[in-house]
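From first to last, the protein sequence lines are chains A and B.
Taking the numbering used here, the leading residue of the first sequence gets 116, the next gets one more, and so forth.
Taking the numbering used here, the leading residue of the second sequence gets 179, the next gets one more, and so forth.
Report on one structure; see the data block that follows.
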Amino acid sequence: MSRTSSRALLALTLVLIAGGLLILNLGGYLQAAQGLALRPLGGIQGWISQRVLALRTLLTSPTDLAELTAENQRLQAEVARLEREVIALREQANEAEVLAGLLGYARTRPESRYVAARVIGQDVSPFIRSIWIGQGSDAGVQQGMPVVTERGLVGRVAEVYSTVSRVQLITDPESVVNVRLQTSRADGVLRARVNGELWVDLIEQGVSVTPGELVLSSGLGGAFPEDIPVGQIVTVRKRDYELFQQAVVQASADLDNLEIVLVIANFQPTVPPGAP
Amino acid sequence: MAYFLGILLMALLAVVQSSVLARFPFLEGTPNLILLACVSWALTGRVVEAMLWAFFGGLFLDLLSGAPFGVSSMALVVAVYLASLTEGRFWEAHPLAPLGVVAIASIVYYGLTLAAVWLGGHPVDPTLALTQVILPSTFLNLLLALPASQLAGRVRQAAFPPPVRMG
């Protein structure tokens with residue numbers, strides 16, 4: 116057998132095995148194996164993610180960097196040790212700030228029970244917008260639970276393993292959120308494009324929608340609790356010949372720079388992720 | 179040994195892809211480290227290893243993704259197989275050959291992944307996916323194609339030096 120055909124055979128074999136795994140996964144037979152494999156991977160993800168965040172905080176704070184440099188000059192003997200310590204403290208302060216914000220949010224909604232989770236990674240597929248958080252079924256996280264920050268809605272839990280979970284962001288094309296515009300009280304449906312752009316669709320033509328108006332979850336359909344801030348209207352597209360008007364929305368939460376999120380643990384959704 | 183080390187490397191690259199690169203997006207995208215590593219390794223002539231790395235690397239990517247499990251694995255194996263077809267061609271030794279190979283491998287990989295995600299019921303606008311995801315990601319892969327193939331060539335030379343005839 117020539118080298119080319121043996122390679123073709125190997126490629127075909129591997130593709131067939133991958134196809135078999137795909138079918139087994141669709142049947143739900145690989146859930147336990149995936150959970151097992153994700154345990155060490157999730158641990159490494161969390162470890163690396165924390166260090167990357169600390170490094171990024173350090174790199175993006177020029178004033179603090181100068182302070183650090185001055186401190187290093189004064190304490191040359193302990194430079195390496197102090198740098199590590201400062202980075203760690205900075206990260207803790209940053210984390211405390213985020214947690215304080217989240218705590219403030221949680222206090223405004225005492226009826227909800229939250230599980231705080233660190234964001235340990237993002238989806239590696241460019242077509243899917245989701246994040247990995249460092250809490251799973253061991254901490255009481257369940258599929259479909261809404262995820263928020265102090266600034267607004269992030270998404271909802273799509274997959275749960277023992278120590279990690281995948282959260283489908285509201286910017287994922289598969290995500291659908293029923294929303295209400297705060298001032299005009301119009302209902303609509305929030306969807307996302309593949310580039311993460313958010314749109315509210317199905318707004319009645321007769322309603323006057325203005326840029327800057329706040330978009331809240333409506334709670335319709337039972338997928339999300341009501342009145343969680345989702346975003347703000349940026350532009351409105353209204354055409355006379357269309358049945359509904361649409362609006363582009365800027366998400367309230369900074370979905371590209373999430374560090375810690377809150378899972379609303381006592382909300383039981385009535386629909387699976389992906390459905391409105 | 180190379181198989182085992184390669185698989186470990188793929189696991190590490192998948193985690194870096196998810197936890198590090200995703201924090202520093204450029205042009206709304208990130209390069210695919212596993213695709214670059216496997217295609218570059220295939221271009222050094224170690225095709226069988228590259229294919230197995232692609233298979234396991236794809237599984238690691240799928241573990242850290244919402245895409246159907248096995249899809250990246252399939253797409254990467256096909257991309258590496260296509261890259262291996264350049265072996266023995268008269269332009270194989272051209273210094274810019276990795277650019278063409280990585281471009282084709284990237285488009286095949288993202289195209290297959292997109293098709294699988296779409297078949298899996300994920301609503302994706304193909305035009306937006308092409309202009310906002312596939313082309314920027316392919317461009318980022320191209321930016322790293324030459325350094326990656328140079329690095330792979332050096333590792334190949336160091337780890338598997340060509341046999342020298344004595345006497």
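All residues carry an ideal CB built from backbone N, CA and C; glycine is no exception.
May I ask you to report which of helix, strand or coil DSSP gives residue i?
i                 : result
VAL229 of chain A : First, the residue type needs correcting, since residue 229 of chain A is Tyr and not Val in the sequence shown. If DSSP states are grouped into helix, strand and coil, TYR229 of chain A belongs with the strands.
LEU237 of chain B : helix
PRO288 of chain A : coil
THR298 of chain A : coil
GLN396 of chain A : Residue 396 of chain A lies beyond the range of chain A shown here (116 to 391); nothing can be said about it.
GLU274 of chain A : strand
THR222 of chain B : coil
PRO155 of chain A : helix
ALA338 of chain A : coil
VAL279 of chain A : coil
VAL263 of chain A : strand
ILE248 of chain A : strand
MET188 of chain B : helix
VAL256 of chain A : coil
ARG224 of chain A : coil
ASN381 of chain A : coil
PHE242 of chain A : coil
LEU274 of chain B : coil
SER332 of chain A : strand
Measure from the alpha carbon of residue i to the alpha carbon of each residue in the options, then state which is nearest.
i                 : options                                : result
TYR220 of chain A : A:PRO384, A:THR385, A:VAL378, A:GLN383 : A:VAL378
LEU277 of chain B : B:GLY331, B:TYR181, B:SER327, B:THR208 : B:SER327
LEU373 of chain A : A:LEU268, A:ARG222, A:VAL304           : A:LEU268
VAL226 of chain B : A:GLN297, A:LEU124, A:ILE235           : A:LEU124
THR316 of chain B : B:ARG334, B:PRO339, B:GLY298, B:SER284 : B:SER284
GLY161 of chain A : A:ILE375, A:LEU284, A:ARG306           : A:ILE375
LEU211 of chain B : B:GLY223, B:LEU313, B:VAL198           : B:VAL198
SER333 of chain A : A:ALA380, A:VAL294, A:ALA254           : A:VAL294
GLN149 of chain A : B:PHE247, B:ASN319, B:VAL217           : B:PHE247
ALA133 of chain A : B:PHE338, B:PHE182, B:LEU237           : B:LEU237
GLY207 of chain B : A:PHE242, A:VAL167, A:LEU296           : A:PHE242
LEU151 of chain A : A:TYR276, A:ARG224, A:ALA185           : A:TYR276
ARG224 of chain B : B:TYR259, B:LEU186, B:GLN310, B:ASP303 : B:TYR259
Quick one: which chain B residues come within Cβ less than 8 Å of residue i?
i                 : result
GLU289 of chain A : GLY299, HIS300, PRO301
GLN283 of chain A : GLY244
LEU313 of chain A : Residues of chain B passing the Cβ test: none, with the nearest at roughly 14 Å.
ARG122 of chain A : VAL225, VAL226, MET229, TYR259, SER262
Strictly below 9 Å CB to CB, what residues from chain B border residue i?
i                 : result
ARG352 of chain A : Neighbours of ARG352 of chain A on chain B: none; closest Cβ ~16 Å, over 9 Å.
SER245 of chain A : SER243, GLY244
Quick one: which chain A residues come within Cβ less than 9 Å of residue i?
i                 : result
PHE204 of chain B : Within chain A, no residue comes near PHE204 of chain B; the closest Cβ sits about 12 Å away, beyond 9 Å.
THR291 of chain B : SER240, PRO241, PHE242
ALA283 of chain B : By Cβ distance, chain A contributes nothing, its closest Cβ being about 13 Å from ALA283 of chain B, past 9 Å.
Going along chain A in order, which residues have a C-beta closer than 7 Å to the C-beta of residue i?
i                 : result
GLY248 of chain B : ALA133, GLY134, LEU136, LEU137, ASN140
MET252 of chain B : VAL130, ALA133, GLY134
VAL198 of chain B : ILE163, VAL167
LEU306 of chain B : ARG308, VAL309, ASN310
Identify the contact partners of residue i in chain B, using a Cβ-Cβ distance below 7 Å as the criterion.
i                 : result
ILE159 of chain A : VAL193
Between residue i and chain D, is there a C-beta pair that is closer than 8 Å?
i                 : result
ARG171 of chain A : The question asks about chain D, but that chain is absent: this structure's protein chains are A and B.
_Sufficient close CB pairs (3 or more, under 8 Å) joining the region 349-364 of chain A to the region 224-233 of chain A_ = no
*At a Cβ cut of 9 Å, what residues of the region 226-238 of chain B count as close to chain A, listed as they run along the chain?*
VAL226, MET229, LEU230, ALA232, PHE233, GLY236, LEU237, PHE238
*Do the region 259-277 of chain A and the region 134-145 of chain A meet, that is, are 3 or more Cβ pairs less than 8 Å apart?*
no
_Closer than 9 Å between beta carbons: that is the criterion. Which residues of the region 311-338 of chain B meet it against chain A?_
VAL311, ILE312, PRO314, SER315
*Is it true that the region 289-297 of chain A meets the region 165-174 of chain A, where meeting means three or more beta-carbon pairs spaced less than 8 Å apart?*
no
_Selection of the region 207-225 of chain B by Cβ proximity to chain A, strictly under 7 Å_ = GLY207, VAL225
*Using a beta-carbon distance cut-off of less than 7 Å, what residues from the region 208-236 of chain A approach chain B?*
ILE235, GLY236
_So if I threshold CB-CB distances at 7 Å, which residues from the region 307-340 of chain A count as touching chain B?_
ARG308, VAL309, ASN310
*For the region 211-222 of chain B and the region 248-259 of chain A, state whether three or more C-beta atom pairs, one from each stretch, are separated by less than 8 Å.*
no
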